[in-house]
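Enquirer: Numbering (our numbering), first residue to last: 4 to 494. Every residue gets a Cβ at the ideal spot worked out from N, C-alpha and C, and that includes glycine. Quantities reported herein were computed from a predicted structural model and do not represent experimental measurements.
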Ligand code: MSP
């Protein structure tokens, strides 16, 4: 097993505040929270950033629709997001809003560094801007003149813009990719983005002329605002004090892990590292791009009305169930599908009949046959060896972000206990007068308790409430049969 780092900075994308959160957003943030808890439990000091992207044009459109002043609108929605992460039990270190002064300070400092490097120039931009993507599109990227992701005709813009010399960094980026094969994961994404850098990457416009909402370009008298992606990426620095608390920023930068969805790798794996190189800062150690969820086989979209709200799922089934389902259903990095039916299936088969059942079985038997206490396991060697392979697989999986495999390792232990119970038949042993049978009963139950403790520990980062319930039940001075952790679902 790799030694645990002393400190770790984990980031998540900052989400637009133009609408309600959906399970896609929750997916990234929950994964980050699992890692934060996992590493913290091992003694690593972890900084987990989360936040919202407020300076986007699409937020302005949403405010207009809601008939609210933009600031008031973003304040309200940002508050709702923050509240939701609290309700979902996300243990973040700090929540950054890009309308905060500390962020503006960071952006100004960053801009100045890039400008000093000679990487900013003025030019005329003519292009097709999709507000949905907050990105310029080429004709090739359009279908029947429309952005295929947002089904809308992009705006034709002709503006005087500031440009960032992204193309200056092509060679440096390619070198970095080649020297650090794990910089972008999974492999397929790494190759995709490396090809983009090698073949298509050109300078980018980093300001907008006609907008009133956003961070003004330094020295432009407020005539131009900074392009939202250039501004938003800098949140990863402003939240750790860049521009306001240099000692803290130095302590935490570079990030060890930046989690993103596959839709935004161009920004995070090409533009962002180039921006950092230009500003004289190290690039993050790793960017991991996960896949997307569809819902019942369809793309999640407001217009289809199939957007799944994580808060509703959590209110209905609990936070742990949402966490388990999202991380178990697809392997992190691949695409997959969300379905309420499958969630309920997993709830019954894997949670109620898996961890829930094994805990009530064992606590029930310890209460009935042992009067609530287990003796220390008689053969310590056997106890210590228990589940070593699963434990190793678990750590390996957690450290490579293969959450579904970590869960597999835990469920393997659960299955082992259940199987052992079926073979040993403690209820028969309990009836026997033979000393050997009594001994076997005591040892078996003591072992089950040890394994359940271990299961509790392994589950802690992924299903914190369930893990706490398991640990509490199993470490009580007098163990009692517990109520089902996952009651039967109503139809
Ligand atoms: N504001 C930008 C990010 C700026 S980061 C400096 C943005 N915001 S977003 O609100 O559109 O959220 C994008 C992120 O949401 C994705 O990268 C991903 O993490 C998550 N997901 C959005 N849709 C998703 C799915 N259908 N499935 C899984 N995750 C998805 O882009």
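Could you please give me the residues that DSSP links to residue 292 through a beta bridge?
Expert: The count along the chain shown starts at 1 and reaches residue 292 at position 289. Paired residues: 263.
Enquirer: From residue 66 to residue 362, what distance separates their C-alpha atoms?
Expert: As a first step, residue 66 must be located in the chain shown, where it is residue number 63. As a first step, residue 362 must be located in the chain shown, where it is residue number 359. For residue 66 and residue 362, the distance between alpha carbons rounds to 50 angstroms.
Enquirer: Rounded to whole angstroms, what is the Cα-Cα separation between residue 332 and residue 227?
Expert: By one-based count along the chain shown, residue 332 stands at place 329. By one-based count along the chain shown, residue 227 stands at place 224. Using only the alpha carbons, I get a separation of about 45 angstroms.
Enquirer: Taking the alpha helix (DSSP H) that residue 251 belongs to, which residues open and close that run?
Expert: Within the chain shown, the letter at position 248 stands for residue 251. It spans 249-255 - the alpha helix (DSSP H) in which residue 251 sits, taken as one unbroken run.
Enquirer: According to the neighbour-count rule (16 or more other Cβ atoms, all chains shown, within 10 Å of its Cβ), is residue 213 buried or exposed?
Expert: Here the question's residue 213 lines up with position 210 in the chain shown. Flag for residue 213 reads exposed.
Enquirer: Quick one: using the 10 Å Cβ neighbour count with 16 as the cut-off for buried, is residue 22 buried or exposed?
Expert: Here residue 22 refers to the residue found at position 19 when the chain shown is read from its first residue. Residue 22 is exposed by the Cβ-count criterion.
Enquirer: How far does the beta strand (DSSP E) with residue 12 in it reach, from first residue to last?
Expert: In the chain shown, residue 12 corresponds to position 9, counting from 1. First-last of the beta strand (DSSP E) with residue 12: 10-14.
Enquirer: Ignoring anything shorter than 3 residues, give me the beta strand (DSSP E) runs that lie fully in the segment 102-170, in order along the chain.
Expert: The segment 102-170 contains these whole beta strand (DSSP E) runs: 123-133, 138-140, 158-167.
Enquirer: Would you mind sorting residue 430 into buried or exposed? The rule is 16 or more other CB atoms within 10 Å of its CB.
Expert: Start at 1 with the first residue of the chain shown, and residue 430 comes out as number 427. By the 10 Å Cβ count, residue 430 comes out exposed.
Enquirer: Using CA atoms only, rank isn't needed, just tell me which of 307, 177, 8 is closest to residue 198.
Expert: Within the chain shown, residue 198 is the residue found at index 195, counting from 1. Ranking the options by Cα distance to residue 198, first place goes to 177.
Enquirer: Candidates 459, 162, 373, 310: which alpha carbon is nearest residue 410's?
Expert: The count along the chain shown starts at 1 and reaches residue 410 at position 407. Closest by alpha carbon: 459.
Enquirer: Leaving out five residues before and five after residue 398 in sequence, what residues of the same chain have Cβ atoms less than 7 angstroms from its Cβ?
Expert: Position 395 of the chain shown, counting from 1, holds the residue named residue 398. Contacts found: 4.
Enquirer: What are the start and end residues of each continuous alpha helix (DSSP H) run of 4 or more residues lying completely inside the segment 45-69, in chain order?
Expert: Runs of the alpha helix (DSSP H) inside the segment 45-69: 60-68.
Enquirer: In angstroms with no decimal places, state the Cα-to-Cα distance between residue 234 and residue 110.
Expert: By 1-based counting over the chain shown, the position of residue 234 is 231. By 1-based counting over the chain shown, the position of residue 110 is 107. Rounded to whole angstroms, residue 234 to residue 110 spans 6 angstroms at the Cα level.
Enquirer: Rounded to a whole number of angstroms, what is the C-alpha to C-alpha distance between residue 340 and residue 221?
Expert: What you label residue 340 is simply residue 337 of the chain shown in a count that begins at 1. What you label residue 221 is simply residue 218 of the chain shown in a count that begins at 1. In a straight line, the C-alpha of residue 340 is about 44 angstroms away from that of residue 221.
Enquirer: Ligand 1 and residue 235: does any heavy atom of the ligand fall closer than 8 angstroms to the residue's C-beta?
Expert: Locating residue 235 in the chain shown gives position 232, where the first residue counts as 1. Flag set: Cβ of residue 235 near ligand 1.
Enquirer: So, helix, strand or coil for residue 72, using DSSP?
Expert: Along the chain shown, read from residue 1 onward, the residue named residue 72 stands at position 69. In this structure, residue 72 counts as coil in the three-state DSSP scheme.
Enquirer: Can you check the segment 189-218 for any alpha helix (DSSP H) of at least 4 residues that lies completely inside it and give the ranges in chain order?
Expert: Runs found: 190-202.
Enquirer: Can you name the residues that DSSP bridges to residue 100?
Expert: Taking the first residue of the chain shown as 1, we reach residue 100 at position 97. Residue 100 is bridged to 55.
Enquirer: Determine, using beta carbons only, whether residue 186 and residue 55 come nearer to each other than 9 angstroms.
Expert: Numbered from 1 along the chain shown, position 183 holds the residue referred to as residue 186. Numbered from 1 along the chain shown, position 52 holds the residue referred to as residue 55. Result no, Cβ atoms of residue 186 and residue 55 do not sit closer than 9 angstroms.
Enquirer: Please classify residue 27: does DSSP put it in a helix, a strand, or coil?
Expert: One-based indexing of the chain shown puts residue 27 at position 24. In this structure, residue 27 counts as helix in the three-state DSSP scheme.
Enquirer: Along the alpha helix (DSSP H) that carries residue 22, what are the first and last residues, could you check?
Expert: For the purposes of this step, residue 22 is taken as residue 19 along the chain shown, with counting starting at 1. Here residue 22 belongs to no alpha helix (DSSP H), and DSSP marks it neither H nor E.
Enquirer: Per DSSP, what kind of secondary structure is residue 320 in: helix, strand or coil?
Expert: Walking along the chain shown from the start, residue 320 turns up at place 317. Correct three-state label for residue 320: helix.
Enquirer: Can you tell me which of the three DSSP states residue 174 falls into?
Expert: In the chain shown, residue 174 corresponds to position 171, counting from 1. Residue 174: helix per DSSP, three-state reduction.
Enquirer: Let me check you understand the geometry: is the CB of residue 106 closer than 8 angstroms to at least one non-hydrogen atom of ligand 1?
Expert: To locate residue 106, count along the chain shown from 1; it is residue 103. Checking every heavy atom of ligand 1 against the Cβ of residue 106, none is found closer than 8 angstroms.
Enquirer: Going by beta carbon distance, what residues of the same chain come within less than 6 angstroms of residue 304, once the five residues before and after it are set aside?
Expert: Position 301 of the chain shown holds residue 304. Nothing listed; no residue qualifies.
Enquirer: Grouping DSSP H, G and I as helix and E and B as strand, with all else coil, what is residue 1?
Expert: As displayed, the chain neither begins before 4 nor continues past 494, which places residue 1 out of reach and without an answer.
Enquirer: When DSSP labels each residue in this structure, what does residue 340 get in the three-state scheme?
Expert: Taking the first residue of the chain shown as 1, we reach residue 340 at position 337. Residue 340 falls in the strand class under three-state DSSP.
Enquirer: Do you know offhand how far residue 217's Cα is from residue 29's?
Expert: Along the chain shown, one-based indexing puts residue 217 at 214. Along the chain shown, one-based indexing puts residue 29 at 26. Going by the C-alpha atoms only, they are around 26 angstroms apart.
Enquirer: Examine ligand 1 and report whether any of its heavy atoms sits within less than 8 angstroms of the Cβ of residue 360.
Expert: On the chain shown, residue 360 is found 357 positions in, with the first residue counted as 1. No, ligand 1 has no heavy atom inside 8 angstroms of this Cβ.
Enquirer: Residue 281 and residue 115 - do their beta-carbons sit closer together than 9 angstroms?
Expert: Here residue 115 refers to the residue found at position 112 of the chain shown. Here residue 281 refers to the residue found at position 278 of the chain shown. No, these two residues do not count as a Cβ contact at 9 angstroms.
Enquirer: To the nearest angstrom, report how far apart residue 464 and residue 449 are at their CA atoms.
Expert: For the purposes of this step, residue 464 is taken as residue 461 along the chain shown, with counting starting at 1. For the purposes of this step, residue 449 is taken as residue 446 along the chain shown, with counting starting at 1. The alpha-carbon atoms of residue 464 and residue 449 are separated by roughly 25 angstroms.
Enquirer: Throw me the rounded Cβ distance for the residue 12 and residue 258 pair, which I believe falls under 8 angstroms.
Expert: Taking the first residue of the chain shown as position 1, residue 12 is located at position 9. Taking the first residue of the chain shown as position 1, residue 258 is located at position 255. Their Cβ separation, rounded to whole angstroms, is 4 angstroms, which keeps residue 12 and residue 258 in contact under 8 angstroms.
Enquirer: Taking all protein chains shown into account, do 16 or more other C-beta atoms lie within 10 angstroms of the C-beta of residue 172, making it buried, or fewer, making it exposed?
Expert: The residue labelled residue 172 in the question sits at position 169 within the chain shown. With 16 or more Cβ atoms within 10 Å of its Cβ, residue 172 is classed as buried.
Enquirer: Less than 9 angstroms between the C-beta atoms of residue 276 and residue 24, yes or no?
Expert: Position 273 of the chain shown, counted from the start, is the residue given in the question as residue 276. Position 21 of the chain shown, counted from the start, is the residue given in the question as residue 24. No, the pair does not count as a contact, with Cβ atoms beyond the cut-off.
Enquirer: Taking three-plus beta-carbon pairs below 8 angstroms as touching, is the segment 137-151 in contact with the segment 253-268?
Expert: The segment 137-151, when compared against the segment 253-268, does not touch it at the 8 angstroms Cβ threshold.
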